[in-house]
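Scroll down for the structure; my scribbles are underneath it.
Residue numbers (our numbering): 117 to 427.
Spelled out as structure tokens, the structure:
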């Protein structure tokens with residue numbers, strides 16, 4: 117018998133026994149016993165049985181077993197209700213074995229990430245956040261949707277923990293020695309003397325330069341060999357009036373239709389390395405630094421452009 121079934125059976129029996137009591141004709145002993153039963157029923161009814169019972173059920177399960185358990189609608193409903201209740205949620209999210217099972221179960225993670233307020237409350241609990249970030253299944257659930265990414269990016273500690281995760285294989289633009297070597301493809305909207313790979317060679321003494329007279333609506337693009345999820349763009353501006361002034365990062369699945377991975381941003385006119393978070397759910401192959409304008413009207417230059425994330 118589970119705790120939930122015990123509670124239900126106990127309350128049903130207590131209710132039936134109390135309903136049979138003839139208060140007017142009952143003895144003092146009967147009234148005392150009925151009072152004690154009433155107090156017991158009240159305590160059992162108010163006890164945190166849901167969270168305790170769920171923790172006991174989930175604790176020994178693997179991710180696959182929890183997926184199977186949650187395929188039963190009544191079990192999914194119980195977990196959904198527990199996650200929505202602060203006390204039950206805290207009980208589950210501070211139990212290491214429960215967290216391990218949740219983080220390994222796509223079905224459980226679908227419930228965890230379905231409600232932004234619930235997810236925010238769960239991410240605030242260090243044990244559960246660490247469990248999600250240490251699990252490949254947990255990371256896949258987080259990077260698949262805009263809501264988890266926005267919540268993570270809103271907290272500097274959460275974002276640092278997220279980008280430091282080693283649950284997935286890290287990737288970045290390699291140190292380019294040409295437009296197509298060592299891998300991927302570097303390209304630019306225009307160039308003069310210094311092509312796109314010069315901004316992707318991990319060398320701060322080289323840079324890309326647009327064609328003369330082209331300072332607005334320019335871009336540096338890198339095509340990964342396969343779709344990737346990216347969380348950070350790293351930039352070193354050209355430290356003069358020829359540097360980038362306003363930019364954003366965009367991504368595409370077909371090299372034709374582009375979506376913004378961040379808001380339009382100002383890049384100061386100096387050579388300080390800077391990182392900016394990217395909000396692009398899922399994985400995509402084509403990425404570009406879209407330069408809205410530069411500080412000069414002659415041409416625009418960028419020293420270093422890098423993208424970081426996971427395969």
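Each residue gets a CB set at the ideal place from its N, CA and C atoms; glycine is no exception.
{"Asked": "Proximity winner among 247, 261 and 133, relative to residue 151 (alpha-carbon distances)", "Found": "133"}
{"Asked": "Burial state of residue 131 (16 or more Cβ within 10 Å)", "Found": "exposed"}
{"Asked": "Rounded Cβ spacing between residue 392 and residue 405 (contact assumed at less than 8 Å)", "Found": "Residue 392 to residue 405, Cβ: 10 Å. No contact."}
{"Asked": "Own chain, CB closer than 6 Å to residue 248, minus 5 neighbours either side, in chain order", "Found": "219 and 254"}
{"Asked": "Cβ neighbour criterion (16 or more within 10 Å) applied to residue 500", "Found": "The structure shown does not extend to residue 500, since the chain is modelled only from 117 through 427, so no value can be given for it."}
{"Asked": "Beta-bridge partners of residue 110, as assigned by DSSP", "Found": "In this structure the chain extends from 117 to 427, so residue 110 is not present and cannot be described."}
{"Asked": "Among 244, 306, 180 and 201, the one whose alpha carbon lies nearest that of residue 211", "Found": "244"}
{"Asked": "Beta strand (DSSP E) segment containing residue 196, residue limits", "Found": "It is not in any beta strand (DSSP E) - residue 196 instead sits in the alpha helix (DSSP H) that spans 189-200."}
{"Asked": "Pair within 9 Å by beta-carbon distance, residue 286 and residue 424", "Found": "yes"}
{"Asked": "Residue 281: first and last residue of the uninterrupted beta strand (DSSP E) it sits in", "Found": "That residue, residue 281, is in no beta strand (DSSP E); it is neither H nor E in DSSP."}
{"Asked": "Of the listed residues 353, 226, 275 and 126, nearest to residue 157 (C-alpha basis)", "Found": "126"}
{"Asked": "First through last residue of the beta strand (DSSP E) which encompasses residue 313", "Found": "First-last for residue 313: undefined, no H or E at that position."}
{"Asked": "For residue 340 and residue 289, the rounded distance between their alpha carbons", "Found": "8 Å"}
{"Asked": "Per DSSP, cross-strand counterpart(s) of residue 303", "Found": "337"}
{"Asked": "Whole beta strand (DSSP E) elements within the region 340-372, 3-residue minimum", "Found": "360-368"}
{"Asked": "Contact between the region 297-314 and the region 356-374 (3+ Cβ pairs under 8 Å)", "Found": "no"}
{"Asked": "Proximity of residue 357 and residue 412 at Cβ, strictly below 9 Å", "Found": "yes"}
{"Asked": "Beta-bridge pairing of residue 409 - partner residues as DSSP gives them", "Found": "362"}
{"Asked": "Whether residue 338 touches residue 377 by CB criterion (9 Å)", "Found": "no"}
{"Asked": "Whole-number beta carbon distance between residue 387 and residue 353, since they are thought to touch under 8 Å", "Found": "6 Å"}
{"Asked": "Three-state secondary structure (DSSP) of residue 273", "Found": "helix"}
{"Asked": "Nearest candidate by alpha-carbon position, reference residue 398, set 188, 194 and 259", "Found": "259"}
{"Asked": "Residue 391 - DSSP class collapsed to helix/strand/coil", "Found": "strand"}
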